[in-house]
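*Asks:* Residue numbers (the numbering used here), protein chains in the order written: chain A, 2 to 476; chain B, 16 to 89. What follows is a single structure, and I will ask about it in a moment.
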Amino acid sequence: MASLPRDLFFLSAGELNQRLVKHEFKASELARAFGERLEKLGPRYNALALSLAHSAEKRAKDVDGDLKRERLRGPLQGVPFGATDILSVAKTPTQWGAKPYAGQIFDETAAVIQRLEKTGALLTGKLATIQLGGGPRYGSPSASITGPGLNPWDRSRWSGGPSSGSAIAVAAGLAPFALASEMNGSLLTASAYCGVTGIRPTYGLVSRTGAMPLSWTLDRIGAIARSAEDCGAILHEIAGADRDDPTSAGKSFYFFPRYQRPVREIRVGFAAADFSDRVQPSARAAFAQALDALRSLSIPLKEVALPDFPYEAMVETILSAEAASVFEPLVRSGKVNELADAEQIEALKAGVEQLTAVEYLKAMRLRRMAIAKIHEIFFEVDLLLAPTAPSIAPRISDPLPAAAERYPAPDRCLSGLAAAGNLAGFPGLSVPCGFADGMPVGIQFTGLPFSENLLLQAGIAFQAATDWHHRRPEV
Amino acid sequence: MLEFMAHPQEKRAGIFAITRRDLAAVFAVTAVSAGQTPDQPEPFDARKRLQENRARLDAVDLPMHVEPAFVFRP
Chain A
2 MASLPRDLFF LSAGELNQRL VKHEFKASEL ARAFGERLEK LGPRYNALAL
52 SLAHSAEKRA KDVDGDLKRE RLRGPLQGVP FGATDILSVA KTPTQWGAKP
102 YAGQIFDETA AVIQRLEKTG ALLTGKLATI QLGGGPRYGS PSASITGPGL
152 NPWDRSRWSG GPSSGSAIAV AAGLAPFALA SEMNGSLLTA SAYCGVTGIR
202 PTYGLVSRTG AMPLSWTLDR IGAIARSAED CGAILHEIAG ADRDDPTSAG
252 KSFYFFPRYQ RPVREIRVGF AAADFSDRVQ PSARAAFAQA LDALRSLSIP
302 LKEVALPDFP YEAMVETILS AEAASVFEPL VRSGKVNELA DAEQIEALKA
352 GVEQLTAVEY LKAMRLRRMA IAKIHEIFFE VDLLLAPTAP SIAPRISDPL
402 PAAAERYPAP DRCLSGLAAA GNLAGFPGLS VPCGFADGMP VGIQFTGLPF
452 SENLLLQAGI AFQAATDWHH RRPEV
Chain B
16 MLEFMAHPQE KRAGIFAITR RDLAAVFAVT AVSAGQTPDQ PEPFDARKRL
66 QENRARLDAV DLPMHVEPAF VFRP
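Written as structure tokens, this is what we have:
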């Protein structure tokens, strides 16, 4: 492995870029070091789908030339990154974590990766994912061609998923940041389980051209990184209109943290019960401290509750129908039986064979009603706050119970925020906020569409007042 | 196995008698052997789950005029 100091692997993307600009080391050295580390340690956590270290080192030579001539392209120039294996890279395998698609090769690179490469960021590897992005559902962390994602904090525990490899890579210092996917809270949950920061952008803000389709009205591409500030810098580069993506919102995103209003003017809605009754008992102290940290920033907190809708049933119905349409050929051919998870096989079959158009349309109509009602909450608050996950990462050997089943929600709370946020296309940000039983936990902010700057401002302020995002596992 | 579950007094006396309690224990062990352990979760039934979701959606009052949340541009 290249002889760069070990601490380097846990620096943020911004910090690495600053050192590159100062010529403390070269981009090619950095790419080699991270590439080698990903190749060596990635398999230990079942995080690596495909190494691209060689091509990253080749591209890094051009980046070094630019840096030498002081042709600066931004805070991601020369920074290595990973991408979930649902994103295509031209002429290399993109397997979607699933045996039926092993060896699948596309001619084009996903738009979001192309955008990052234009900034001089260097793709060092494709990262493991739950097969088919976890859709429509799966029953075990082992639902992947690469095996279960192992949490860098405790390898007997799951990393979370479907973008398991992305969360692992950032937490274990295998990549400063990684692209990940989300449809029902997975990107944020994996970030919380692994003690890193994750951003889920507004639906349509980031192009999905070149991403595996799963649920046209729910899927999003986001990022996992070591800080909220990094997430902002990444989103600044990957957001924007794409005429090749019919779901593109046609909007750009500009990350200007200096020009935001004071954080004490951000009104945050939360439910006290979410931080006590609804979470694992050993995590309550960490969540209570997180609330105290926000109060110390003079952020006004107000009790709110989500309107009463069957959010999970709506998401599952929509996801089942849309995934069934996408993967109907897989089911009809019988190749669906090659998938590694029985629950996922049965869910895909049931979607193709049983789910009716009337049910799907009902869920979509309720979705419109729910979105209108949820928007009303934001007359009184600017952001919503809740634990990202109610418990620490589960053990690999345990089945995956729904959180609602383990920690039943009291009447008035933000239970269902993950599902509601995804149904409404809202952006979200998860930041680490402490530990329980030696494992990280996180809190999530959710806002109205295109309110990413507000989310990031709250996240940056929280991380300035705490140091949880600097903690790292022994790797 | 029956010998293992014999009552201690009966064992000491060298007498082995099958009681109703013993038989109940045997049947329970047999059930466990067949994989019907009551503590294990049931296998996931995707079709049943879809029906449960349908029931949850049906429980919400949905006025006729509400349109689906599609994105459609002619």
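Every residue, glycine too, gets a C-beta built ideally from N, C-alpha and C. Every value quoted in this text rests on a predicted model; they were computed, and no experiment measured them.
Counting C-beta neighbours from all protein chains within 10 Å, is the total for A/ARG60 16 or more, i.e. buried, or is it exposed?
*Replies:* That one is buried.
*Asks:* Which same chain residues, not among the five before or five after A/GLY75, have their C-beta less than 6 Å away from its C-beta?
*Replies:* Result list for A/GLY75: THR120, in chain order.
*Asks:* So, are the CB atoms of A/GLY15 and A/ASP309 less than 8 Å apart?
*Replies:* No, Cβ-Cβ distance for A/GLY15 and A/ASP309 is not below 8 Å.
*Asks:* Who are the Cβ neighbours of A/ALA420 in its own chain at under 8 Å, not counting the five residues just before and after it?
*Replies:* Taken in chain order, the residues that qualify are ASN185, GLY186, TYR312, GLU313, MET315 and VAL316.
*Asks:* Consult DSSP for A/GLY135 and reduce its assignment to one of helix, strand or coil.
*Replies:* Here A/GLY135 sits in helix by DSSP.
*Asks:* Let me confirm a value: B/LEU77 is counted as buried when at least 16 other C-beta atoms fall within 10 Å, else exposed. Which label applies?
*Replies:* Classification of B/LEU77: exposed, given that the 10 Å Cβ count is below 16.
*Asks:* Find the nearest neighbour of A/GLN19 within the set A/ASP67, A/TYR46, A/ARG45 and A/GLY79, judged by alpha-carbon distance.
*Replies:* It is A/GLY79 whose Cα lies nearest to the Cα of A/GLN19.
*Asks:* Within its chain, find whatever has a CB closer than 7 Å to the CB of A/CYS414; leave out the 5 residues flanking it on each side and keep chain order.
*Replies:* So the list reads ALA272, ALA274, ASP275, ARG279 and ALA306, once near-sequence residues are dropped.
*Asks:* Between the Cα of A/GLY162 and the Cα atoms of A/GLY148, A/ALA191, A/LEU298 and A/ALA172, which residue gives the shortest distance?
*Replies:* If we check each option's Cα against that of A/GLY162, A/ALA191 comes out closest.
*Asks:* Within its chain, find whatever has a CB closer than 6 Å to the CB of A/LEU9; leave out the 5 residues flanking it on each side and keep chain order.
*Replies:* Answer for A/LEU9: no residue qualifies.
*Asks:* For A/GLU323 versus B/PHE59, is the C-beta distance shorter than 8 Å?
*Replies:* For A/GLU323 and B/PHE59, no; Cβs fall outside 8 Å.
*Asks:* Listing by chain order, which chain B residues have their CB less than 7 Å from the CB of A/GLU347?
*Replies:* The answer, in chain order, is PHE59 and ALA61.
*Asks:* For the beta strand (DSSP E) containing A/LEU384, name the first residue and the last one.
*Replies:* Taken as a continuous stretch (DSSP letters only), the beta strand (DSSP E) holding A/LEU384 covers 384-388.
*Asks:* For A/ASP155, which three-state DSSP category applies?
*Replies:* Here A/ASP155 sits in strand by DSSP.
*Asks:* Is A/PRO247 buried or exposed, if buried means 16 or more other CB atoms sit within 10 Å of its CB?
*Replies:* Label assigned to A/PRO247: exposed.
*Asks:* Would you mind stating whether A/LEU215 and A/VAL327 have Cβ atoms separated by less than 8 Å?
*Replies:* In contact: A/LEU215 and A/VAL327 (Cβ atoms closer than 8 Å).
*Asks:* Consider the Cβ of A/SER495: report whether some Cβ of chain B lies at a distance smaller than 8 Å.
*Replies:* The requested residue 495 of chain A is not part of the displayed model; chain A covers only 2 to 476.
*Asks:* Quick check: A/LEU68 and A/LEU21, are their CB atoms within less than 8 Å of each other?
*Replies:* Taking 8 Å as the Cβ cut-off, A/LEU68 and A/LEU21 qualify as a contacting pair.
*Asks:* Quick check: what's the CA-CA separation for A/ARG70 versus A/ALA28?
*Replies:* So the two alpha carbons sit approximately 14 Å from each other.
*Asks:* Could you compute how far the alpha carbon of B/ALA49 sits from the alpha carbon of A/TRP97?
*Replies:* Note that B/ALA49 scores 41 on pLDDT, short of 50, meaning its location in the model is unreliable and no value can be drawn from it.
*Asks:* Going by C-alpha to C-alpha distance, which of A/GLN458, A/PRO137, A/ALA48 and A/ALA325 sits closest to A/TYR260?
*Replies:* Among A/GLN458, A/PRO137, A/ALA48 and A/ALA325, the Cα nearest to that of A/TYR260 belongs to A/GLN458.
*Asks:* Are the C-beta atoms of A/THR467 and some chain B residue less than 8 Å apart?
*Replies:* No, its Cβ sits nowhere closer than 8 Å to a Cβ of chain B.
*Asks:* Expressed to the nearest angstrom, what Euclidean distance is found between the alpha-carbon atoms of A/ILE444 and A/ALA226?
*Replies:* Approximately 15 Å between the Cα atoms of the pair.
*Asks:* What separation, rounded to the nearest whole angstrom, lies between the Cα atoms of A/GLY448 and A/PRO428?
*Replies:* Each residue's alpha carbon lies about 6 Å from the other.
*Asks:* Taking the beta strand (DSSP E) that A/VAL269 belongs to, which residues open and close that run?
*Replies:* First-last of the beta strand (DSSP E) with A/VAL269: 269-271.
*Asks:* So what does DSSP say about A/GLN290, is it helix, strand or coil?
*Replies:* A/GLN290: helix per DSSP, three-state reduction.
*Asks:* Using a Cβ-Cβ cut-off of less than 7 Å, give me the residues of the stretch 354-379 of chain A that come near chain B, in sequence order.
*Replies:* Per Cβ criterion, the list reads GLN355, LEU356, GLU360, LEU362, LYS363, ALA364, MET365, ARG366, LEU367, ARG368, ARG369, MET370 and ILE372.
*Asks:* Identify the continuous alpha helix (DSSP H) that holds A/GLU266 and give its terminal residues.
*Replies:* No alpha helix (DSSP H) contains A/GLU266, which DSSP labels as neither H nor E.
*Asks:* Is there a Cβ of chain B sitting closer than 8 Å to that of A/LYS41, yes or no?
*Replies:* Not closer than 8 Å to any Cβ of chain B, the Cβ of A/LYS41 fails to qualify, so no.
*Asks:* To the nearest angstrom, how far is the alpha carbon of A/ASN423 from that of A/PHE35?
*Replies:* The straight-line gap from Cα to Cα measures roughly 33 Å.
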